[in-house]
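Peer 1: Below: one structure in structure tokens.
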């Protein structure tokens, strides 16, 4: 295995600088023409906090918050914050390459063991979304519930932050501060004194554009492994073959809807017109762009080593390398477009949020691939969710991820096990918290290959390009200062996500460009939606017999396949509802 990859040039450097907002002081009243997110209705009479800004202690110095997010990917620009304390960037005790002490970078982590989770589940989340619906212009992208601070060793020493991301250069600073003030007042009403609110700028990304600096394409195999490179015939947009699912006994490949159709086609395939005309879309594996890039890389190595043979002197080991690359080129060129056919798009979900009364309004974004290529596929039994034999990641990187999860293993599972129910994942996360370890998740994707990240226990919210709002499970990059490997990059869309024991828990779809935060859909809900759309009786992940298990994680009374969304009458929930309701009733 080779060493760890360099950070791609397309991933913004944490040393990028931004000018601070001209002012973080808010003094405007409620906008007269607030734009409401299409899937949400604003309160007819918004909370007073949504009508006026109340944070005169915010800094007025234009340079006061430059590099506020130093250390995070992309060094995003701060627009507003709730804290009234002066921000003084901490500096290192040592002298850096610049000849002076350098600014300490911020760290981001998931929130564990905090009452915020219960408050959100019992009314606070909807109140937050209602306030965001009053934003003028309504250009928010996401709301994440995270910890942000400078303590790299003890996460709980970093404050809990409601982190709102908006589109770049779209929301005025005064409007940003008004929204932040409204949100912090909501938090104070439900007794969350230790929670802060911040707003930053960002960009949406759905990970299907070509990622030139991705890891080298693994040598193609007749039966593709999980995480294989795929693309529509003739398209430069690439994605990932997550793996294989079984629908009433028929094995199909699975990826995201937006991999073949992009982020702006919201309707599913086939449409009525496509169905009547017999329109088909063919997937190639490997993606032709990736195949040609690896061929060019090999040919470049051959030229370089051949030149060195004549200029530096003959080397037998170099001659062996040349033969190896020549053989590799020959094998790669045998993958003609005809041989590379993986199959055709059978059905897709379109892009939408799952309907639910409370929470779990997860983004639905899947595509099924009918595996049709008689010259390539002879036996359906060979379609298994197996990892690649060739990959580029260091053993120390894998060991680091396993250690964070409390594991002593030094390798990733060779085959994936069954998928977990969402409640099982929550149970495993709770167990990890009690044992003071992280619930680490893994994926193998087209661009970044094997990576791991920290799965959050508090759902985020995301507003898509088309305006629908969804609940999202987030995965946060593991300490990039230590690993330099983000969880995903453009081209990884469609990857299956599993835990350190190989149990599949989600499917990656994307999130924000150049961010430490990424979004995944719980796989239980992906399978359930496929069952409903395809009118199928049995939909499950393909699992080898030797990897089948009857082990269930979670409440034993939960029936298999049950997706009931009832609200438990928890004391915290009743208390939160009472707080929010009482405030509303007492307002004029």
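Residue numbers (the working numbering): 19 to 606. All residues carry an ideal CB built from backbone N, CA and C; glycine is no exception. Since this is a predicted model, take the numbers as computed values, not measurements.
1) Is the Cβ-Cβ distance between residue 147 and residue 363 less than 8 Å?
2) Extract the residue ranges of the beta strand (DSSP E) inside the segment 270-306, only unbroken runs of 3 or more that lie entirely within it.
3) Can you tell me whether residue 243 is helix, strand or coil according to DSSP?
4) Could you say which of 483, 308 and 500 lies nearest to residue 253 if we only look at CA atoms?
5) From 129, 185, 186 and 165, pick the residue whose C-alpha is nearest to that of residue 176; which is it?
6) Per DSSP, what are the beta-bridge partners of residue 215 in this structure?
7) Buried or exposed, going by whether 16 or more other CB atoms sit within 10 Å of the CB of residue 171?
8) Is there contact between the segment 416-434 and the segment 384-398, where contact requires at least three CB pairs shorter than 8 Å?
9) Given this structure, state the Cα-to-Cα distance separating residue 263 from residue 566, to the nearest angstrom.
10) Between residue 242 and the rest of its own chain, which residues show a CB-CB distance below 6 Å, the 5 nearest in sequence each way excluded?
11) From what residue to what residue does the beta strand (DSSP E) around residue 361 run?
12) Taking the alpha-carbon positions, what's the residue 443 to residue 525 distance?
13) Mind checking whether the beta-carbon of residue 491 lies closer than 7 Å to any heavy atom of the ligand COA?
14) By the DSSP assignment, the beta strand (DSSP E) with residue 538 in it spans what residues?
15) Check whether the Cβ atoms of residue 497 and residue 534 lie closer than 8 Å to each other.
16) By Cβ distance below 6 Å, which residues in the same chain neighbour residue 44 in space, the five residues on each side in sequence not counted?
17) Are the Cβ atoms of residue 92 and residue 512 separated by less than 8 Å?
18) Count the other C-beta atoms from every protein chain shown that fall within 10 angstroms of the C-beta of residue 301, then say buried if there are 16 or more, exposed otherwise.
19) In this structure, does DSSP put residue 164 in helix, strand or coil?
20) I'd like to know if the segment 130-149 and the segment 198-207 are in contact, where contact means that at least 3 CB-CB pairs between them fall below 8 Å.
21) What is the DSSP secondary structure of residue 420, reduced to helix, strand or coil?
22) Out of 400, 251 and 276, state which residue places its alpha-carbon closest to the alpha-carbon of residue 560.
23) Should residue 112 be labelled buried (16 or more other beta-carbon atoms within 10 Å of its own) or exposed?
24) Identify whether residue 16 lies in helix, strand or coil by the three-state DSSP scheme.
25) Taking 8 Å as the cut-off, decide whether the C-beta atoms of residue 284 and residue 369 are in contact.
26) From residue 471 to residue 457, what does the alpha carbon distance come to, in whole angstroms?
Peer 2: With the given structure in hand:
1) For the purposes of this step, residue 147 is taken as residue 129 along the chain shown, with counting starting at 1. For the purposes of this step, residue 363 is taken as residue 345 along the chain shown, with counting starting at 1. Not closer than 8 Å, so no.
2) 300-302
3) As a working note, residue 243 is residue 225 in the chain shown. Coil.
4) Position 235 of the chain shown holds residue 253. The residue with the shortest Cα to Cα distance from residue 253 is 308.
5) As a working note, residue 176 is residue 158 in the chain shown. Looking at the Cα atoms, 165 is the closest of the given residues.
6) Residue numbering aside, residue 215 sits at position 197 when the chain shown is read from its first letter. DSSP output for residue 215 lists 180 as bridge partner(s).
7) Position 153 of the chain shown, counting from 1, holds the residue named residue 171. Classification of residue 171: exposed, given that the 10 Å Cβ count is below 16.
8) no
9) Reading the chain shown from its first residue, position 245 is the one you call residue 263. Reading the chain shown from its first residue, position 548 is the one you call residue 566. Near 15 Å, if we compare the C-alpha coordinates of residue 566 and residue 263.
10) To locate residue 242, count along the chain shown from 1; it is residue 224. Within the same chain, residue 242 has close Cβ partners 259 and 303.
11) Counting from one through the chain shown, the residue named residue 361 turns up at place 343. Its beta strand (DSSP E) spans residues 359-366.
12) The sequence position of residue 443 within the chain shown is 425, counting from 1. The sequence position of residue 525 within the chain shown is 507, counting from 1. The straight-line gap from Cα to Cα measures roughly 13 Å.
13) The model on display carries no ligand, and the ligand COA is accordingly not part of it.
14) What you label residue 538 is simply residue 520 of the chain shown in a count that begins at 1. Counting along the chain, the beta strand (DSSP E) containing residue 538 begins and ends at 535-540.
15) Numbered from 1 along the chain shown, position 479 holds the residue referred to as residue 497. Numbered from 1 along the chain shown, position 516 holds the residue referred to as residue 534. Taking 8 Å as the Cβ cut-off, residue 497 and residue 534 do not qualify as a contacting pair.
16) For the purposes of this step, residue 44 is taken as the residue at position 26 of the chain shown. For residue 44, the predicted model reports a pLDDT of 31, less than 50, meaning its position is unreliable and no value from the coordinates is stated.
17) Translated into positions along the chain shown, residue 92 becomes position 74. Translated into positions along the chain shown, residue 512 becomes position 494. Cβ distance not < 8 Å, so residue 92 and residue 512 don't count as in contact.
18) By 1-based counting over the chain shown, the position of residue 301 is 283. Classification for residue 301: buried.
19) Indexing the chain shown from 1 puts residue 164 at position 146. Reduced to three states, the DSSP call for residue 164 is strand.
20) yes
21) Here residue 420 refers to the residue found at position 402 when the chain shown is read from its first residue. Residue 420 falls in the helix class under three-state DSSP.
22) For the purposes of this step, residue 560 is identified with residue 542 of the chain shown, where counting begins at 1. Ranking 400, 251 and 276 by Cα distance to residue 560 puts 400 first.
23) Position 94 of the chain shown holds residue 112. By the neighbour-count rule (16 or more Cβ atoms within 10 Å), residue 112 is not buried but exposed.
24) Beyond the ends of the chain as shown, which are 19 and 606, falls residue 16; an answer cannot be given.
25) Start at 1 with the first residue of the chain shown, and residue 284 comes out as number 266. Start at 1 with the first residue of the chain shown, and residue 369 comes out as number 351. For residue 284 and residue 369, yes; Cβs fall inside 8 Å.
26) As a first step, residue 471 must be located in the chain shown, where it is residue number 453. As a first step, residue 457 must be located in the chain shown, where it is residue number 439. Whole-angstrom Cα-Cα distance: 9 Å.
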